[in-house]
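Take a look at the structure below.
Protein chains in written order, with the working numbering: chain A, 1 to 114; chain B, 115 to 229.
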C-alpha cells in the first residue's frame with residue numbers, strides 16, 4: 001500500500017445522480033491531486049490542492065466539484081455527468097518542494113456513467 | 115505550460131532484449147523527471163526518477179538518461195522479463211503558483227515482453 005486510499009473502487013451512476021469520490025492520504029503530504037485516466041488518453045490532471053487550498057483547475061467542467069477540507073482528505077463531487085466522463089479517477093499526493101517530488105497514487109475509482 | 119511527448123506508444127520486445135522509451139518536454143525550468151509503471155488494473159507507481167543535476171541514473175535493470183540541452187529523457191530497461199510488461203509514463207513537473215507540482219504526463223508506452 002502506498003498510503004493513499006480511494007473509495008469507492010467502482011461506481012456506476014446515472015446522468016442525473018449525485019455522487020462523491022473520496023481520497024485519503026496518511027503520508028503527511030501537503031499536496032493532493034485529482035487525475036482522470038480514460039482508455040485512449042494519458043493521465044489528465046484535473047485539480048491541484050496545496051495545504052487544502054486549490055492552486056490549479058485544469059479547465060475542468062463544473063459538473064466536477066472538488067473539496068479539500070484538510071491536507072489529508074480530498075473529495076470529488078459529481079453531478080449531471082455525461083457518458084464520456086466514464087473513466088478511472090486517480091487521486092495522488094506528494095510532499096511539495098521546489099523541483100518536484102514523487103507522486104503517490106491511490107488505486108483509483110472506476111466510474112461508469114450510464 | 116509543460117508539454118510532454120512520449121514515444122513509442124507501443125513496444126514489443128523479446129524476453130532478454132532491451133527496451134527504450136523516449137520523452138521530450140518543453141519547459142526548460144523543469145528539473146525533475148520521474149518514470150511511472152502502471153500494470154493492468156493497478157495504480158501508477160514510480161520506478162525511477164532523475165534530477166537535472168545528473169545525466170544518468172541506474173537502478174538494477176532500469177536506467178534513465180537526461181539531456182537538458184535537447185530537453186529529452188529516456189528510460190532504458192535491459193534484460194527484459196515478462197513482468198516488465200506494463201504501461202510506462204514519463205512526466206515532467208511545473209510548479210503551480212500557490213504550491214503543488216503540476217505533473218504533466220506523457221501519453222504512455224504499452225510495453226509487451228514476449229517469451
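Even glycine gets a Cβ: it sits at the ideal position worked out from N, Cα and C.
- prompt: Rounded to the nearest angstrom, how far is the Cβ of residue 6(A) from that of residue 23(A), given a contact under 8 Å?
  reply: Rounded, the Cβ-Cβ distance is 5 Å, consistent with contact.
Determine which residues of the stretch 31 to 55 of chain A have a Cβ less than 9 Å from any Cβ of chain B, and write them out in chain order.
Cβ contacts with chain B come from 31, 32, 33, 35, 37, 41, 42, 43, 44, 45, 48, 49, 50, 51, 53, 54 and 55.
From what residue to what residue does the beta strand (DSSP E) around residue 69(A) run?
64 to 70
Do residue 42(A) and residue 222(B) come within 8 Å of each other at the CB atom, strictly closer than that value? yes
query = the stretch 189 to 210 of chain B: which residues have C-beta closer than 9 Å to a C-beta of chain A, in chain order?
reply = Listed in chain order, the positions of the stretch 189 to 210 of chain B with a beta carbon within less than 9 Å of a beta carbon of chain A are 203, 205, 206, 207, 208, 209 and 210.
- Query: Can residue 225(B) and residue 198(B) be called in contact, C-beta distance under 8 Å?
  - Reply: Contact: yes.
Query - Cβ of residue 163(B) within 8 Å of any chain A Cβ - result: yes
If we count the other Cβ atoms within 10 Å of its Cβ and call it buried at 16 or more, is residue 100(A) buried or exposed? buried
message: Alpha carbons only, please: which of 162(B), 220(B) and 151(B) is nearest the one belonging to residue 116(B)?
response: 220(B)
Problem set entry | Integer Cβ distance of residue 147(B) from residue 206(B), believed to fall under 8 Å | 6 Å
*Decide yes or no for the touch test of the stretch 116 to 131 of chain B against the stretch 166 to 179 of chain B: beta carbon pairs closer than 8 Å, at least 3 of them.*
no
Worksheet item: If you draw a straight line from the alpha carbon of residue 103(A) to that of residue 77(A), how long is it in whole angstroms?
Response: 22 Å
Thinking C-beta only, is residue 30(A) closer than 8 Å to residue 51(A)? yes
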